[in-house]
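Take 978 as the starting number for the sequence shown in our numbering and just add one per residue. Contents: one structure, followed by commentary.
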Amino acid sequence: MERRIGFHVKSMNELKRIGKIPGVNLVELKPDKMRKNGDEMYSYERGAFRIGRGIVREIGEFCKAEGLQVQIHTPFEKKIDASVEEGLCMGIKAHHPALLERVKLYADLFTQFGIGSVVVMHPPQLYSKDAQICTFQDGLEYGREFLYMVDAWKKQQRMEFKVGVENMVPPKKAGATLGYTIKQLKQLLGNTETIGLTVDTGHRLLAKEMSVAQMFSIAPVVSMHLHSNPGVFMESNYDDDMHQFADSANLEHFLAYIRSIRRHQIPVTCEIDKLSDVPDNMIRDYVAHLRFMLE
């Protein structure tokens, strides 16, 4: 089994740069960031999603030529507004039809262009610095209901792409998203059969009561966000989630993560802050080090 190691990317230029670096064979696309950079993978208007076929075809052809596995990280909600994608929340039942249409669009991206072998979703966001988005109880109940809906649709359609729900950091003054305890993740995933976890090592470092062993026991881990931070939780902002290169010196349980990646063939996305400022040779050397660790 080929080890999949790569980085998240926010534009076509970044994709073409990172995808050419030796050792990189995975990219995780962030459609909302790409849209802001003029590379719109799809549009959303009046409850309908439409593929931007030109840019998506270019992405698919480049990634196929470079042997890149392509994952997608869904945009996360910032408000309640069903007219814009960032206003959709799985914790709001009325938003479920539109969100299921997005899942179907991702299925089309996967079947037609090979994009989205893993789709990473955040659990429902409860509030942002600007507004309440959904209540705790609605987030759990309707988030669980939506993930069951996705699970049932995937099984009915025999869809092979994977879905991973990401573990999150504890609530802050600037915002809160469910998924910061094992109990919440268990409740959200329920007895789904095709919904797994995306383990975020930096988030786990800031939510220490969530053990690594527990995360790996509640559902299949379909992908990993590998990064680190000083591990000092800040309630006032998100500056604690620094997205540094992770190694045995700065990431608690680093070797346990390495063993799990090796054992379960988990694809790894290195979520590094300000990737545009990191030299190619540093990225190449880090990937080579990870590959050596995984041998």
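C-beta atoms are modelled at their ideal positions from N, C-alpha and C, and glycine is treated no differently. Values in this document were obtained by computation on a predicted structure and should not be read as measured data.
Output the boundary residues of the beta strand (DSSP E) element that contains residue i.
i       : result
Arg1034 : No beta strand (DSSP E) holds Arg1034; the alpha helix (DSSP H) holding it covers Arg1030 to Glu1043.
Ala1153 : Gly1152 to Thr1154
His1050 : Gln1046 to His1050
With distances taken Cα to Cα, identify the nearest neighbour of residue i among the options.
i       : options                               : result
Glu942  : Ile1238, Lys993, Gly1141 and Ser1253  : Since the first residue of the chain shown is 978 and the last is 1272, residue 942 is not available in this structure.
Val986  : Arg1012, Gly1000 and Pro999           : Arg1012
Ile940  : Ala1226, Asn1227 and Met1219          : Only positions 978 to 1272 of the chain appear in the structure, and residue 940 is not among them; the question remains open.
Asn1214 : Val1140, Pro1148 and Ile1028          : Pro1148
Thr1051 : Gly1044, Ala1042 and Met1067          : Met1067
Ser1253 : Ile995, Ile982 and Gly983             : Ile995
Leu1182 : Asn1144, Leu1174, Gly1173 and Ala1153 : Asn1144
Gln1134 : Asn1258, Thr1088 and Met1270          : Thr1088
Arg1261 : Pro999, Phe984, Gly1015 and Glu991    : Pro999
Phe984  : Phe1222, Tyr1234 and Gln1242          : Phe1222
Arg1240 : Met1098, Met1136 and Val1199          : Val1199
Gly1091 : Glu1062, Met1098 and Phe1138          : Phe1138
Phe1020 : Cys1247, Val1061 and Glu1043          : A quick correction: the sequence has Ser, not Phe, at residue 1020. Cα-wise, what sits closest to Ser1020 is Val1061.
Val1146 : Asn990, Asp1217 and Gln1242           : Asp1217
Would you mind giving the Cβ-Cβ distance between residue i and residue j, rounded to the nearest angstrom? I have them listed as a contact below 8 Å.
i       : j       : result
Gly1007 : Phe1039 : In the sequence as presented, Gly is not what sits at residue 1007; that position holds Lys. With 8 Å as the limit, Lys1007 and Phe1039 do not qualify as a contact, their Cβ atoms being about 17 Å apart.
Met1187 : Ile1159 : 6 Å
Ser1205 : Leu1228 : 4 Å
Leu1166 : Leu1155 : Between Leu1155 and Leu1166 the Cβ distance is about 12 Å, and since that is not below 8 Å, they are no contact.
Leu1082 : Gln1046 : About 19 Å separates the two Cβ atoms, so there is no contact after all.
Val1189 : Ile982  : In fact, because the Cβ distance is near 19 Å, the residues do not count as touching under 8 Å.
Glu1054 : Gln1102 : 5 Å
If you follow the alpha helix (DSSP H) that residue i is in, where does it begin and where does it stop?
i       : result
Ala1265 : Asp1257 to Leu1271
Leu1103 : Where Leu1103 is concerned, there is no enclosing alpha helix (DSSP H), although the beta strand (DSSP E) it sits in stretches over Gln1102 to Ser1105.
Leu1252 : Careful: Leu1252 lies outside any alpha helix (DSSP H) and carries neither H nor E.
Leu1065 : First-last for Leu1065: undefined, no H or E at that position.
Thr1088 : His1073 to Phe1090
Tyr1119 : Phe1113 to Gln1134
Lys1163 : Ile1159 to Leu1166
By DSSP, does residue i sit in helix, in strand, or in coil?
i       : result
Lys1139 : strand
Leu1174 : strand
Met1098 : strand
Val1245 : strand
Lys1055 : coil
Would you say the beta carbon of residue i comes nearer than 7 Å to a heavy atom of the ligand GDP?
i       : result
Arg1079 : Among the components modelled here there is no ligand, and therefore nothing to report on the ligand GDP.
Inset, instruction - Taking only runs that begin and end inside the region 1181-1234, name each unbroken alpha helix (DSSP H) of 4 or more residues, in chain order. - result: 1189-1195
Legend entry - Complete runs of the alpha helix (DSSP H) confined to the region 979-1037 [at least 4 residues]: 989-995 and 1008-1013
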